[in-house]
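Report on the structure given below.
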Amino acid sequence: MSLYIFYFLSFVAVLSALMVVFSRNPVHSVLYLIITFFAIAGHYVLLNAEFLAVVHVIVYAGAIMVLFLYVIMLLNLNEAMEPHKSALLKASAIICAGLLMIVFVGALKGSALIAQPVSSGGDDIGSVKSLGSVMFTDFLLPFEISSVLLLVAMVGAVMLGKSEKKSEAE
Amino acid sequence: MTMLFLLLCPLAVALFLLVFKSRFAREIALSASVAELLASLYLAWGFDSQGGVQFAINQAWIPSLGINFSVGVDGISLLLVLLTTVLTPFIILSSFSMSNSRPSSFYGLILLMQMALVGVFVARDGFLFYLFWEIALLPIWFISLIWGGEGRRRITLKFFIYTLTGSLFMLVGLVYLYLQTPGQHSFELEAIYAAGQSLPAMEQGLLFWALFVAFAIKMPIFPFHTWQPDTYVVAPAQGTMLLSGIMLKMGIFGVIRWLIPVVPLGVQEWSHVAIILSVIGIIYASGIAIVQNDFKRLIAYSSIAHVGLIAAGLMTLSQAGMQGAVIQMLSHGILVFSLFYIAEIFFERTGSRVLSGLGGIRNAAPVLSSVFIIVMLGSVALPFTSGFVGEFLLLKALVQYQFATGAIAALTIILGAVYMLRAFQKSMSGELNSNTNDFYDLTTREKVILFPMVVLIIGIGVHPTPLLEISGAAVDNILSVMANYSASTN
Amino acid sequence: MNAIYIISGLGFLALLAEVVNLKKWLAPVIYIGLLAALAMLSRDWNNPAYYFGDMLFIDNTSVLFTALIIVISVFWFWMSGEYFREQPHQTDRSALILFVVLGAMIMVSYNNMTTLFLGIEILSLSLYTLAGSKKESLLSNEASFKYFLMGAFATGFLLMGIALIYGATASFNITEIAGYLASGNLTLPAFFYTGMFLVLVGLAFKMSAVPFHFWAPDVYEGSPVAITAFMSTVVKIAAVAAFYKMFSFCFGSLQSSWIPALQVIAVLTLIVPNITAVVQKNTRRMLAYSSVGQVGYILLAIIAGNAASSGAILYYLAAYCFASIAAFSVLQKVEENHGFRGLAKRNPLLALVMTIALLSLAGIPPLPGFFGKYLVLSQALQSGYTGLVIVAVIASLISVYYYFMVILAMYTEEQEGVKFPISLSYKVLIVTVLLITVLAGLFPEQLIGLLA
Amino acid sequence: MQTTAGIPMDYYIWLSAILFTIGVLGVLYRRNAIIIFMCIELMLNPVNLLMVAFSNCLRDVNGQVFVFFIMAVAAAEVAVGLAILVLIYRNAHTTDINFLNRLKW
Amino acid sequence: MVGLDILISLIPGLPLLGFLMVSLFNKHLSHAMAAGIACGSVLVSFALSVLTFSQLLSLPVEQRSFHVLLSEWISTGNISANISFLIDPLSAIMLLVITGVGLVIHVYSVGYMHGDPGFNKFFSYMNLFVFFMLLLVMGSNYLLMFVGWEGVGLCSYLLIGFWFRNDAYNLAANKAFIMNRIGDLGLLLGVILIFIHTGSFEYADVFAGIPGMDGGIITLIAILLFIGATGKSAQIPLYTWLPDAMAGPTPVSALIHAATMVTAGVYMVVRNNLLYSLAPFALEIILVIGLATALFAATIALTQNDIKKVLAYSTVSQLGLMFVALGLGAFSSGIFHMVTHAFFKALLFLGAGSIIHALHGEQDIRQMGGLKKFLPLTHLTFFIAVLAISGIPPFAGFFSKDEILAHAFAHQPLVWGLAMLSSLLTVFYMFRLYFLTFYGQARASAQKMQAIHESPGNMTIPLIILAVLSVTGGFLNVPEILGGSAWLHQFLEPVTGASHAAVTVHPLSHATEYVLMGIVVAFSAVVIYFAYQIYMVKKSIPAAEGAPSGALQNLVYNKYYVDEFYQMIISRPLHWISEKLDVVVERLGIDRLVNSTGVTVVEGSKVLRLLQYGSIGVYIFVMVVSVVVLLALSLIN
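Residue numbers (my numbering), protein chains in the order written: chain A, 4 to 173; chain B, 843 to 1332; chain C, 82 to 533; chain D, 70 to 174; chain E, 335 to 971.
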C-alpha cells in the first residue's frame, strides 16, 4: 500500500517539478512548486516524520512560496516578460542535466546501506519529543547560531531593501 | 664580526636611505661603500690562503627547516667579495654626474644590491644562498626600471622573469637536495654536498640541469642570453655596471660552489654539453658584437663571449680552468666596469652611444683615449693585462680538455680584437664631427674612477700570483672533492 | 571558545548601537572586543577540547586560524574605517562583518556537518548583502546577485553531499566519520564517494578553486573595495581551513580517492587564473584572479598531506592575507585618486607598500609570500609531486608578470594629478602591515614553529 | 535496507536524485532569476527528503534535525535573495540573468 | 760593480722606464727632453747589450748562457711561468741588433718627427716597442716570448695608427693587429700544447722534454708556432698587413716593419730549431711558404710605385728568403740574413724617409726623379743599401744571401733556382726604384722642389752608420771558402747545434760554391743592366693610375687582388654571418623564441579570459559540467 502511495507522490512531485521548470508563466511555476512541496510533505508523512511534514508545509508552502509569489507580483512578472533562451542553450541544458542524471545513476546504483544505526530512536524518531530533545541538547549550538543566521538574513534584507533616499537623509 | 659588518653595513645604510630620503644620499652611500671596502680589505688582510673557510658565522635561523645563517669566506668567496667591494664605491662615484630625481632611493638600492651580492658570495647555506641570490635581483630590477632608458618596462620585466625562471628551478633543485640530507634535513653546504654526491647518476644529471639553467641564465650562456643585451642597454650605466661587473659572477660562482661539488657525477656527464654551449656562445656572441653599432650592446655581447670562455674553462673541471675562471671573473669585472663607464662618458658628452655617430675623440681627449686603449687591451687579453692571465689559463684548460674545442674557443682572441678595435677606431679615431665637437677630456672625478681600474688591469696582469694564491686552496678543495668522488666510485 | 561568544556578542552590540544611538563608540568597542577575543583565544592554546557536545572542536590549529582571522579583521576595520564612516548603514555593516567573522570562526573549528553548514551560511548570507551594499551601483548589485545565486546553487551540492555522507556513515560528526572511515574494515556504498565529491564541490566553491571560481573575479570587482578585501582574506582563510579540516582530517584515510581529483583542480587553479590575470587592466580584478590563483598553492599543501601541512597552510595564508590587506589598503586609496599610474611620484609610501605587497604575493624572497610558497612546494616535493611543483613554479612565474605590471605602472608611468595625502592613522596602518610583512619574512621560524 | 514503511531506501535515493537533477535542469534551463531561484529551492527539497529517509532508515533522529536547519537556511536565503532581486529590479528593471553581465573578462 | 743580473734586467727595463716617463709626463715634457729620455734609455740599453755580449764572449763556448730570474709571474697548481731572461748567443745577437738599430732609428726619428704634435707620444711608443721586442728575445720561456710577441704587435698597431685622424691608417692598424692576432692564436695554441706535453714553459725544460714526445704532436706544435710566425713575419697567407702598415711614420717602418719585429718569426723558429728539426714536415711547409712568399712578393714589388710599398714588398720577399733558409735547416744562415737585412733594409727605409721628408710627404716614385744632386748623402747611403740588398759583393747582402742559395742548391737545385729568381727580381726592382728616384728628370712639383733640402744631421748620421754596417755586416760570417771563419755560425752553434742531430746540411764542394756565386753575381749584373736600359736609357716612367695596361701587369700591380680576395672570402662573409646571426638567429630566432613564451601566455590569457563570460548561465553551466566530470572521474576510480 505505502509503495503505491510512494509511487503516486513521487509521480506528482516529479511531474510538478518538471512543470516548474517548463511552464512559461512564473506564477504557474510557483504554483507547481507548491504542489511539489506538498508531495514531498506527503513523503515525510510516509516516513513517519509528521512534525517535519507540518513544518515543511508551513515554511515552504506557507512562507517561502508566498514570498516568491509576492515578489513576482510586486515586480509584475508575467509570461510576456519572460526571457527566452535559444534552443541551442535549452538543448545543452537538457543534455547537461541528463549527463548529471547519468552520473548520479552510475554513482547511486546498487547502493546498500552499511552503516548501523547510531542512536536507537525507535519508531518515534519523527515525534516532536524526540526531535526537541535532540535539538536542545546535541544541537544546541546549531540551534543558537541559526538565530544569528536569521538575524543576518533579516538585517541584510532590510539593509538592501531600505530605500536609499531615506538612508541618505539620515 | 667583520663578516657581519660586511652584510649589515650596506643593509643598514640602504634602509636608511630608502626610508629617510637624505639630501646627502650620495655622500652617505659613498662613505658606506668605502667603509665596506676597508672592511673587506681587513678581511683579506687576516685571510690565511692555506686555511679553509674563515671568518665563519653559523647561527640557527629557521631550525625547523634546517636553515642556518651560515656565512664564511674561502679564497674564491674572498676574491669575489673584494671585487664587489672594490667596484661599488667606484660605481657610486661614477653616478655623481647623473641627474637624478630620487637619489636617495637610487643609492639605497645600490647598497642593497651590494649587500645581496656579498651575501651570495659568502653564504654557506643553500637556502641563504638562494635568498641572497633572489634579493640581488630586486634592487637591480628597480634600478633598471626606474632609471632606465627607452623600452625599459618590457625589457626589465623580461629580464626579471627570465632570471627568476632559472632561479626557481634552482630552488626546486636545492630543495630536492635538502630532502635528501639524512636525519634532520639541513641546507648546510656540507650536508648538501654529501646529499648530492650520494645520489645516483641519473638524479645528479637532472639536478645538474635544474641548477645549471639558473646559473646559465645569470651568466648568461648561449642560448639563455637574450635578456642580457637589451637589459644592459636599457639599464642606467650604474645598473649595467652592477649587472655585468658583479652580478653575472654570481652565476659563475654558483657553478663553482653550488654545482660542481654538489653533483659531481651529473657534472661529469653533462659538462660536455655545457662546454659546447659555452663555446658556441663565444663565437656566436663575438660574431654579433662585430656588427653592433651601439657601444653598450657591443660590450654586452663581448661580455657574453667572455663569460662563455669562463664557463667553458670551468667546465673542464681542471685546476687551470677553475683558477682561470676565478681570475677572469675579477678581470672581467674590472674591464667591463671600465668599458661601460667609458660608454657612459660618451653618452654624457654626446648624448649618444652609437659608434657611427662618434669619432675623433682622441683629438679632444688624449687621456681618455689612453685609458680606453688599456681597457681595450685588457679586454682583448693582451699579455700583462689582467685579461690575459685568466684567458690563458682557461684556454690552456680547454686545449687540454680537447684540442679542437680549445682552438675554436681561442678564436675569441681574434674576434675580440676585431670588434674591440672596430669600436675604438669608430669612436676615438678620425676627425671630430658635429657630435663630438664639444668633447672634453676626463674630469678629475672620472680620472679617480678610471685610473685605479687601469692600475688594477695592469697590476693583475703583471702580478696575478697573490690572487691565484688566495683562491688556490679553495680550488684545490673543490677539485679534491671531484677527485675523491671519482676515486670512490671507480 | 569564549572568542566566539565575544564576537557574536559584538555583533549584537553593533546592531544595538544603531538603536541606542551610540555609533561613535562603536569602533572602539569593536577593536576592544576583537582584541579581547584574541586574548581569550590564548586560553584555548594547547588545550584542545570539544564544545557543545561535539559540535566544535578547538585545537591549536583552529586557534591559530581563528587568531589569524581576528588579527586580519582588526586590520580590516582599521583599513575600512574611513570608508565606512562615509557610507550609510554603518552599524548594520559592522554587525554583518562581525557575523562573517563569527561564521568564519565556526568554519575553522567545526566538528559537525551542521556547524559547518551553518557557519558557511552565516558567512555567505552576510557577504551576499555586503557585496551588494553599494546599492545604487549596478555593478555592486550584479556582484551580489552573482555571488548569491551561485552560492545558493553550490550550497545545494554541498547539502546533497552531506546527506549522502550521512546516509553512508549515519553521522554528521566528522570525528566519528573519520573514525568510521579509518577503521577500514568496511566497504562504503558508492554514493558515499558521490557525497564526498559533492562536498568537495561545495567547499571548493567557497574557496574559489577552479572550475568553481567563476563568481570570484566578478564579485571581487563589483563589490565595494573594503568588502573585496575582506572576502579575499578572512573568507578565504575560513574556506581553506574548512576544506583542509574536512579533507585532511575527516576524509584523510581516503586520500587515494580524492587526491587525483584535487590534483586536477589544483593544476587548473594554478594555471587558469594566473594566465587570465595577465591581460587584466583593472587592478582589482587582477587581484581577484591572483587571489584565486593563490588557492592553488594551498591545494598543493593539502595534497602533499604531510604532518607539516597545517603549518605551511597557516603560514601561507598569513603571508597572503597580510599582503592582500596591504594591497587592498593601497588600492582603496588609489581608486579614489587616479589609479596606480605614477603613484611612486604622487605618494611614495603607498607605492612602496603596494610594491612590497605585490612582491610578497609574487613570492619574491625574503618576503613571507616566498616562504609560504617555499613551504608548500617543499612539502609537495617531499611527497613526490614533482610534476605539480613544476606547474606551480610556472604559475608563479606567470604571476610575476601581472604583479609587476602594477609596479611598472607605479614607477614608470606619468600621471597628471597632484600628490594626495593620507591620514596619519592610515599611514600607521600600512606601515604596520608592511613591518609585519617584512618581519614575518625575516623570522618565519616563529610562525612556522607554532604548529611544529 | 528499507524504511519503516517498507519502501526500499534505494527508491528515495532515486527520487531525490531525479528531483535534484530537475532542480539543476531548471537552473540551467531558465533565464528568469526568480525561477532559477525557485529551482534552487527545488534542489534543496530532495536533500531534505533524502535526509528524512536516511534518518528513518537508520533510526537516527539527527537527519531530521538537520532538515530543520536546512529549512531555516532556505528561508533566510530566500529573504536575502529576494531582497537582492528586488534591489536589482529597482536598478535594472529586469530579472533576466543574462542582462547582468557587466562584470566579465 | 752591479751584478750582471741587474744589468741584464735593465736592458729591457730602461726602455720601459723611458716609456713610462714619457707617457706619464707626456704633457709636461718638452720634445727635447722626451727625445733625450727615449734615446738615452735605448742608448744605455745598447751599451748594456754590448757589455753583456762581451761578457758572453769572454766565456768558454759551452758556458755562454745567462739565466736571470726576475720574478714569478703566473703561478698556480702545476702552472708556473716566470719573468726570467735567457742570454745566449742567439738572444745576444738579437739584443745587439734591436738596441743598435733601435738606437739609430731613435736618433733618426728625432729629426724625422720634428714638429709633429704627437712627438712625445711617438717616442713613448717607440720605447715601449723596444721593451717588448727585448722581452720577446730575452724571455727564457715561451710565455714571456708570447708577451713580447703580442706586445710588439700592440706597438705596431699603435704606431701604424699613429696619425689617427686618417681613417685609412686606422684601418691599416686594425688590419695589422688582427692579422697578427690570427698568427698569435697559432702561437698561443702551440705554447699551450708545449706546456701540456712537457709541463713547463722554460726553454731549457722544454728542449729537454721534446725528444720524448710523439712525432705527430711535435709536427702539430711546429706548424702552430709557424702560423704565429707567418702572422708576425708577414708570410703567405698572412702577409697583406705589412704593405698596409707603411701608413705609420717611416722610422716605424724601418724599425718595426723591416729590422726587428717582422723578424721575430725567424727568431722564434731558430729558437725552436730542435723542435723543427724533429718535424721535417713542418720544415717542408716552411720552405715552401718561404719560397712562395719570396717570389710572390718580389713580383708585386716590381710594379709598385709607392716607395715604401716597394720596400715593404721587398721586406716580405726577404723574409721569405729567411724562411727558406730555416726551412732548409740552415738556421744560422737565416739569422745571418736577418742581421744583414736589418742593416740594409733599415737603411733603405730611413733613406726613403729622408726622401719623403725632403719632399714633404711625397711617396710616389713617379713624382720623384733626379734627386741625386739635391740629396747627395741620402743618395749615397741608399745606393749602398741597394747594392747590399742586391747581393753585390762585398756588401752585406751578398754573403748572407749566398749562403742561403748555397744551402738551397744543396737541398734541391729547383729550390735554388726559384730562390735565385726571387733574388734577381729583387735586384731588378731595387734598381728600378733607385733609378727612378735619383736619376732622370725631377718630376716632383715645383713647389716641392723649391723647398727640397738634405736632411739634418740627426737623420743623416744614422744613415751613415747603417750604411757602414751594410757594407761591413757581411763580414760577420764570411764563409770558409772566402777565407772567413763563419764566425756567426760558430757563435750560434750552442743554439743551433741542437738540431744537427736531426737535420743534415749537405756540404757543397768548394767548386760548386764558387760556380754558384759566380752565376748569381753574373745574373745580377745582367739584371742591373736591363734595369739601366729601361729606366736610365729609355727613361720609361711607370704608367699613371688608370692607364691601360696588360692583364698580367694589372694583376701584379693590384697585388694579385689578394686583399680583395680576403675581403671576399673572409671579411665579407664574416660580416654577413655576423649580420645574419644578429638579425636572424638572435632576434628572429632565439629571442623570438624566448619572447614567444611570453606572447603565448598573453595570447592564452586573452583566450582564457573569455571563459569568464560574465553571464551566470554560463558559469553555472561550466560548474555543472565540472561536477559531472568530477563525479565521472570518481566513478572511474
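Even glycine gets a Cβ: it sits at the ideal position worked out from N, Cα and C.
Residue 407 of chain E carries a strand assignment under DSSP once its states are collapsed to helix, strand and coil.
Under the rule that a run must span 3 or more residues, no beta strand (DSSP E) segment is found entirely inside the stretch 1166 to 1211 of chain B. Listed along the chain, the chain C residues whose CB falls inside 9 Å of the CB of residue 145 of chain A are 133, 136, 193, 195, 196, 198 and 199. Under the DSSP assignment, residue 910 of chain E falls in the alpha helix (DSSP H) whose first and last residues are 906 to 914. Secondary structure at residue 896 of chain B: strand, using DSSP grouped into helix, strand and coil. Here residue 419 of chain E carries a strand assignment [DSSP, helix/strand/coil]. Counting the other CB atoms within 10 Å of its CB gives residue 516 of chain E a total of 16 or more, which places it among the buried residues.
In this structure, residue 653 of chain E and residue 734 of chain E do not form a Cβ contact; the two beta carbons are roughly 13 Å apart against a cut-off of 8 Å. Under the Cβ criterion of 9 Å, residue 90 of chain A is not counted among the residues facing chain D. Identification of residues in the stretch 159 to 183 of chain C having a C-beta nearer than 7 Å to some C-beta of chain A yields 169, 170, 173, 176, 177, 180 and 183, given in sequence order.
Per DSSP, reduced to three states, the secondary structure at residue 964 of chain B is helical. Residue 461 of chain E: member of the alpha helix (DSSP H) spanning 453 to 472, first to last residue. Residue 748 of chain E is not a Cβ neighbour of residue 720 of chain E, given a cutoff of 9 Å. Rounded to whole angstroms, residue 1052 of chain B and residue 901 of chain E show a C-alpha spacing of 45 Å. In the DSSP assignment, residue 902 of chain B is bridged to B/910. Listed along chain C, the residues sitting closer than 8 Å to residue 152 of chain A by beta-carbon distance are 199, 202, 203 and 206. Proximity of the stretch 1195 to 1207 of chain B to the stretch 1263 to 1274 of chain B meets the contact definition, three or more beta-carbon pairs being nearer than 8 Å. In the DSSP assignment, residue 1135 of chain B is bridged to no other residue. According to the DSSP assignment, residue 535 of chain E belongs to no beta strand (DSSP E), since it is labelled neither H nor E. Close to chain C, meaning a Cβ-Cβ distance shorter than 9 Å, are the following residues of the stretch 1009 to 1021 of chain B: 1010, 1011, 1013, 1014, 1017, 1018, 1020 and 1021. Its chain contains 1169, 1228 and 1231 as the residues whose beta carbon lies nearer than 8 Å to that of residue 1306 of chain B, once the 5 sequence neighbours on both sides are disregarded; these appear in chain order. For residue 950 of chain E, at least one C-beta of chain C is nearer than 9 Å to its own C-beta.
Not a single C-beta of chain B is nearer than 9 Å to the C-beta of residue 365 of chain E.
Annotation: Cβ neighbours of residue 238 of chain C in chain E (cutoff 8 Å, chain order): 961.
Excluding residues up to 5 positions away in sequence, 381, 385, 469 and 470 lie with their Cβ nearer than 6 Å to the Cβ of residue 461 of chain C in the same chain. The beta-carbon of residue 434 of chain C is placed no less than 9 Å from the nearest beta-carbon of chain B. In the three-state DSSP reduction, residue 729 of chain E falls in the coil class, being neither helix nor strand.
Cβ-Cβ distances below 7 Å link residue 454 of chain C to 378, 444 and 477 in the same chain, with the five nearest sequence neighbours on each side left out; the list follows chain order. The alpha-carbon separation between residue 360 of chain C and residue 483 of chain C amounts to approximately 8 Å. Distances from the alpha-carbon of residue 729 of chain E to those of E/895, E/529, E/926 and E/808 put E/808 closest. Taking 9 Å as the CB threshold, residue 980 of chain B lines the interface with chain C. The C-beta distance from residue 227 of chain C to residue 127 of chain D rounds to 38 Å, too long to meet the 8 Å contact threshold. With a 10 Å radius around the Cβ and a threshold of 16 neighbouring Cβ atoms, residue 904 of chain E comes out exposed.
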